[in-house]
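Asker:
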Amino acid sequence: MAMETGTPGVDGLGEAVAALREWQDDGAPTQLHPGDLGWFWRSGAAATAAAVRTWRRRGRLLAVGLLDGPGLLRLTTAPDARRDAELARRLVEDLSEPARGVLPPGRAYVEAPADALVQELLRDAGWGTDEPWTPLRRDLGEPVADPGVRIEVIAPERAHVRAAVQRAAFDGSTFTDERWHAMAAGPAYADARCLVAHDGRGEAVAAVTVWSAGPGRPGLVEPMGVHREHRGHGHGTAICLAAAAALRELGASSALVCTPSSNVAGVAAYASAGFRRLPEVRDRRRDG
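The numbering of the sequence shown is the UniProt record's numbering, which starts it at 1 and goes up by one.
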């Protein structure tokens, strides 16, 4: 049977999340995580379904992509399909031809695992590279140090607190408690937690969402932010430690995050919380 490209529909999103959970492995390069779909879910199930692309052969799901912004596809494959030539060729065809409905014409970006054959074929097809990102990983085999501040695990009735810190940490953020509830209704959030750090005066100063992929698999930190009025006091390190501890409690083998290399303060906060820097990665970029 020919390779099939499609969208899962709302009813098929659970299968995509389950596949992404299964594909996570500490020995694999940085890749699309079920938490990435989970965070996108703040826009609702219908919007998430519209942003997901799938590739199948003989009914088996081989690749999942998320349109995570204008012209950006974040893509990963089943571990045994990383070097699958037929899949890689089909991916390049779909990504390079706007009429196929995966990426729009003009400038476009593709994030894919560093060891995937599609990386090489996109390069050969004339795709360049974009700005560097820094992946970081913390092993969770040992207990995590106390963050030194009060950490609140956000319950539904406290969603407004989590949303307010998000807006105060990221310029232009449109996160609201309604969006938090939409996110929490998705299947990925069954293995997730939202945490807020409070300083000695009880002020909410930093927040993070962590996503487990199941026991023995790497978990994801996405996103983490410090309130703009409370920076420079170590709250970034504290909330990163809390994130690692929460993922360890959820059974994760490690904690992962990937941030622009230009985000010097963010990289430093993760590193100070025991996250180890990995080699930089770059999206593939087509200029038009």
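Glycine is no exception: its CB is placed at the ideal position from the N, C-alpha and C atoms.
1) What are the uninterrupted segments assigned as beta strand (DSSP E) that are 3 or more residues long and contained completely in the stretch 23-91, given in chain order?
2) Does I151 come out as helix, strand or coil in the three-state DSSP assignment?
3) Within this structure, are the beta carbons of L20 and P29 separated by less than 7 Å?
4) Rounded to whole angstroms, what is the Cα-Cα separation between L67 and R53?
5) So the alpha helix (DSSP H) Y270 belongs to, where does it begin and stop?
6) Apart from the five residues on each side of it in sequence, which residues of its chain come closer than 6 Å, Cβ to Cβ, to G6?
7) At the level of alpha carbons, what is the spacing between G141 and A255?
8) To the nearest angstrom, how far is the alpha carbon of R107 from that of C240?
9) Kindly indicate which three-state DSSP category G225 falls into: helix, strand or coil?
10) Below 8 Å on the Cβ atoms is my contact criterion, and I expect L95 with L103 to pass it. Report the Cβ-Cβ distance as a whole number of Å.
11) Out of M224, A242 and A213, which one is the CA nearest neighbour of A252?
12) Taking A50 as the reference, give the member of A16, D177 and G148 with the closest Cα.
13) Give me the DSSP bridge partner(s) of L195.
14) Just the C-alpha distance for A271 and L32, rounded to the nearest angstrom, thanks.
15) Under a Cβ-count criterion, where at least 16 other Cβ atoms within 10 Å of its own Cβ denotes burial, should G69 be classed as buried or exposed?
Answerer: Concretely, from the data shown:
1) 52-57, 60-67 and 72-77
2) strand
3) no
4) 8 Å
5) V264 to S272
6) T54
7) 11 Å
8) 34 Å
9) strand
10) 6 Å
11) A213
12) A16
13) V153 and V208
14) 22 Å
15) exposed
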